[in-house]
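Heads up, the thing below is written out as structure tokens.
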Amino acid sequence: MSHSLLPPNATALERHLETVLLRATELPTPLREIWNPDTCPVALLPWLAWSLGVTTWKSYWPESVRRSILRSAIETKRRQGTAQSVRTVVESFGAALALRESREGAPHHFDITINAPEMDGASITAQFQQDIIDEVTRVKPARSYMTVQASLTADTRLSLAGAVRAANYTRLELAV
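Take the sequence shown: its position 23, counted from the start at 1, is 155 in our numbering, and no numbers get skipped.
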């Protein structure tokens with residue numbers, strides 16, 4: 133302690149508190165890492181979501197989805213009630229979206245097709261798809277209603293095998 137800011141008549145308790153607080157200010161506080169969705173420790177992600185105003189948070193979502201939702205949280209809040217917010221929410225879940233607005237005879241109606249691929253080696257469950265639909269319902273325009281179609285993408289490999297047999301053919305000519 134180089135120089136105390138306490139007055140000369142400070143009590144012993146105040147001097148001890150000053151010593152403790154001086155040590156506490158020397159602790160590293162990585163605020164830039166904590167407030168960044170890409171570098172925030174996994175254990176602190178729910179707290180970052182709460183501070184950014186994310187209303188729905190599920191611990192069973194893959195880590196990549198949780199970080200993506202945090203990255204797009206501010207943009208989603210800014211554009212809530214628009215078609216862009218619907219696109220942003222679906223893309224933050226790692227899914228592809230086909231959105232078609234205003235069918236004939238049905239004002240304020242839109243159709244969406246959500247294609248959710250497998251993520252992080254885990255298959256997409258019905259609950260995960262329902263979470264995507266719930267988030268779309270939360271951010272869509274309040275006057276609009278929608279029809280949802282869900283599709284899955286499966287990644288498969290096709291193996292082709294071939295066999296080669298060496299053969300030697302000779303033409304025989306017979307004379308009669």
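Quick reminder that beta carbons are idealized off the backbone N, C-alpha and C, glycines included.
S234 vs T220 beta-carbon contact at 8 Å: no
Does any CB atom of chain D fall closer than 8 Å to the CB of E233? Annotation note: the requested chain D is absent from the structure, which comprises a single protein chain.
Report the rounded CA-to-CA distance for E146 versus E195, giving the unit in angstroms. Annotation: E146 to E195 spans about 45 Å, alpha carbon to alpha carbon.
Scan the segment 215 to 253 and note each continuous beta strand (DSSP E) run of 3 residues or more that stays entirely inside, going in chain order. 228 to 233 and 241 to 249
Given A228 as reference, the closest of N168, A181, I264 and C172 once Cα atoms are compared: I264
Find the nearest neighbour of L176 within the set L202, Q216, A144 and R275, judged by alpha-carbon distance. The candidate whose alpha carbon is nearest that of L176 is L202.
DSSP state of I197 mapped onto helix, strand, coil: In the sequence on display, residue 197 carries Val and not Ile. Looking at V197 - three-state DSSP - the assignment turns out to be helix.
Proximity of G226 and S191 at Cβ, strictly below 8 Å: Going by C-beta atoms, G226 is not nearer than 8 Å to S191.
Please classify M133: is it buried, with 16 or more other beta-carbons within 10 angstroms of its beta-carbon, or exposed? Because the pLDDT at M133 is just 47, under 50, the model does not fix this residue reliably, and the value given afterwards should be weighed accordingly. Exposed, by the Cβ-count rule.
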